[in-house]
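Per this note's numbering, residue 7 is the first one in the sequence shown, and the count goes up by one each step. C-beta: ideal position from N, C-alpha, C; glycine also. The structure displayed is predicted, hence computed values, not measured ones.
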Amino acid sequence: MDHVLIDFKVTDSVATITLNRPEKRNAMSDDMRSEFIDALDAVAADKRIRALVLTGAGKGFCAGGDISGMQRRMNAPAGEIAFNGWQRQQRVHHAQALLHTMPKPVIAAVNGAASGLGADTALACDFIIASEWASFTWSYIHRGLIPDGGGMYFLPRRVGLPKAKELIFTGRQVKVDEALSLGIVDRKTRAETLLDEAQAWACELSKASSTALALTKTILNQSFELSAHDVFAQGSQAQGICYTSSEHRACVEAFLAKSAVRE
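Now the structure itself:
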């Protein structure tokens, strides 16, 4: 391997993962996915890390799946194509699930084109901030494929079902201003400040109780599929955990101390 495919840094409790195949517009190869999974596991396990920013090196965010992987799939013996494909899909879904269920805020800093799996990967994050050079395309249809990185789940939740169908059925490019108006992108900024603003936003989102944040995110991620009764039930259990946390105790003690001073 010529270089590290995933660059992983931590600054002021915010991890930054950079997809690092700029010569391939950060297309996701099998080796890159393995490093990506390892990095995501490291972020989730490290209590010192409170938030994650995901971006791409060079001019692109992520061009989707690596073309060499498609070539290998086409050249596999006919009797092995389906099972090999299933195994690969398990790795894709594992990586996307780790990103989506990360118990910390996750921001995609989209610096350029996010295509196919790249667009799905951005959507798997909690928030998307994009530069003026960003664009999105669910280009699977042009390869005779369906969105396999979560796009069929995430995109309708951002733009509504009819618009998601239109974007997926046509595979057309969505430039950043349209993406902002549709709700695909949450914030737009200049390329020069993209990463700094993403990291500052990550700090802002993660400065309060990490316990309460992780539990809240877990429930919110399921809220469209759950009944109100189920949300209340899960919320009751989560609140019981929060009651026992050192963060809750410290917050209450600080509040009571301030109240005593005012009285």
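*Expressed to the nearest angstrom, what Euclidean distance is found between the alpha-carbon atoms of residue 7 and residue 250?*
One-based indexing of the sequence shown puts residue 7 at position 1. One-based indexing of the sequence shown puts residue 250 at position 244. Because the pLDDT at residue 7 is just 45, under 50, the model does not fix this residue reliably, and the point stays unresolved.
*Touch test, the region 101 to 120 against the region 137 to 147, Cβ-Cβ under 8 angstroms, three pairs minimum*: Taking a cut-off of 8 angstroms on C-beta distances, the region 101 to 120 touches the region 137 to 147, as three or more cross pairs fall below it.
*Check the DSSP bridge columns for residue 15 and list the partner residues they point to.*
Your numbering for residue 15 matches position 9 in the sequence shown. Under DSSP, residue 15 shares a beta bridge with 22.
*Nearest to residue 15 by alpha carbon, out of 58, 34, 30, 35?*
As a position in the sequence shown, residue 15 is number 9, starting the count at 1. Measuring from the Cα of residue 15, the nearest candidate turns out to be 58.
*Considering only residues of the region 133 to 185, which uninterrupted beta strand (DSSP E) runs meet the minimum length of 3 residues and lie entirely inside it, listed in chain order?*
Along the region 133 to 185, the beta strand (DSSP E) occurs as fully enclosed runs of 3 or more residues at 133 to 137, 141 to 143, 179 to 181, listed in sequence order.
*Any idea what DSSP makes of residue 7, helix, strand or coil?*
To locate residue 7, count along the sequence shown from 1; it is residue 1. Note that residue 7 has pLDDT 45, beneath the 50 cutoff, so the model's placement of it is unreliable and no number is given.
_What does the Cβ neighbour count give for residue 113, buried or exposed, with the cut at 16 atoms within 10 Å?_
Along the sequence shown, one-based indexing puts residue 113 at 107. Residue 113 counts as buried, since at least 16 other C-beta atoms from the protein chains shown sit within 10 angstroms of its C-beta.
_Residues near residue 45 by beta carbon distance below 7 angstroms, same chain, minus five either side_ = Here the question's residue 45 lines up with position 39 in the sequence shown. Contacts found: 12, 14, 23.
*Can you name, in chain order, every residue of its own chain whose Cβ lies under 8 angstroms from the Cβ of residue 135, other than the five neighbours on each side?*
One-based indexing of the sequence shown puts residue 135 at position 129. Counting only Cβ-Cβ distances below 8 angstroms, and skipping sequence neighbours, we find 113, 114, 115, 116, 191, 192, 193, 194, 195, 200, 203, 204, 207.
*asked:* What does the Cβ neighbour count give for residue 144, buried or exposed, with the cut at 16 atoms within 10 Å?
replied: Numbered from 1 along the sequence shown, position 138 holds the residue referred to as residue 144. Buried, because 16 or more other Cβ atoms sit within 10 Å of the Cβ of residue 144.
*Alpha carbon to alpha carbon, how far is residue 177 from residue 148? Give it in angstroms, no decimals.*
Position 142 of the sequence shown, counting from 1, holds the residue named residue 148. Position 171 of the sequence shown, counting from 1, holds the residue named residue 177. Linking residue 148 to residue 177 through their CA atoms gives a straight-line distance of about 7 angstroms.
*Would residue 102 be called buried (16 or more neighbouring beta carbons within 10 Å of its own) or exposed?*
As a working mapping, residue 102 is identified with position 96 in the sequence shown. By the Cβ neighbour-count rule, residue 102 is buried, with 16 or more other Cβ atoms within 10 Å of its own.
*asked:* Using the three-state DSSP reduction, which class does residue 190 fall into: helix, strand or coil?
replied: Taking the first residue of the sequence shown as position 1, residue 190 is located at position 184. In this structure, residue 190 counts as coil in the three-state DSSP scheme.
_Spatial neighbours of residue 218 within its chain, please: C-beta separation below 6 angstroms, excluding the five flanking residues on both sides._
Mapped onto the sequence shown, residue 218 falls at position 212. Result list for residue 218: 248, in chain order.
*How big is the Cα-Cα spacing for residue 31 and residue 69?*
The residue you call residue 31 lines up with position 25 of the sequence shown. The residue you call residue 69 lines up with position 63 of the sequence shown. For residue 31 and residue 69, the gap between their C-alpha atoms comes out near 5 angstroms.
*For residue 129 versus residue 160, is the C-beta spacing smaller than 8 angstroms?*
As a working note, residue 129 is residue 123 in the sequence shown. As a working note, residue 160 is residue 154 in the sequence shown. A Cβ-Cβ contact shorter than 8 angstroms links residue 129 with residue 160.
_I'd like the span of the beta strand (DSSP E) that includes residue 61, first residue to last._
Position 55 of the sequence shown holds residue 61. First-last of the beta strand (DSSP E) with residue 61: 57 to 62.
*asked:* Quick check on the DSSP output: the beta strand (DSSP E) that includes residue 248 runs from which residue to which?
replied: Here residue 248 is taken as the residue at index 242 of the sequence shown, counted from 1. Premise fails: residue 248 lies in the alpha helix (DSSP H), 234 to 249, not in any beta strand (DSSP E).
*What is the DSSP secondary structure of residue 85, counted as helix, strand or coil?*
Taking the sequence shown and counting its residues from 1, one reaches residue 85 at position 79. Note: residue 85 maps to helix in three-state DSSP.
_What does the alpha-carbon distance come out to for the pair residue 174 and residue 185?_
To locate residue 174, count along the sequence shown from 1; it is residue 168. To locate residue 185, count along the sequence shown from 1; it is residue 179. Straight-line Cα distance between these residues: approximately 14 angstroms.
*asked:* At the level of alpha carbons, what is the spacing between residue 188 and residue 166?
replied: For this step, residue 188 is matched to residue 182 along the sequence shown. For this step, residue 166 is matched to residue 160 along the sequence shown. Looking at the backbone, the Cα of residue 188 and that of residue 166 are separated by about 9 angstroms.
*Taking the DSSP output, what are the residues bridged to residue 108?*
Taking the first residue of the sequence shown as 1, we reach residue 108 at position 102. According to DSSP, residue 108 bridges with nothing at all.
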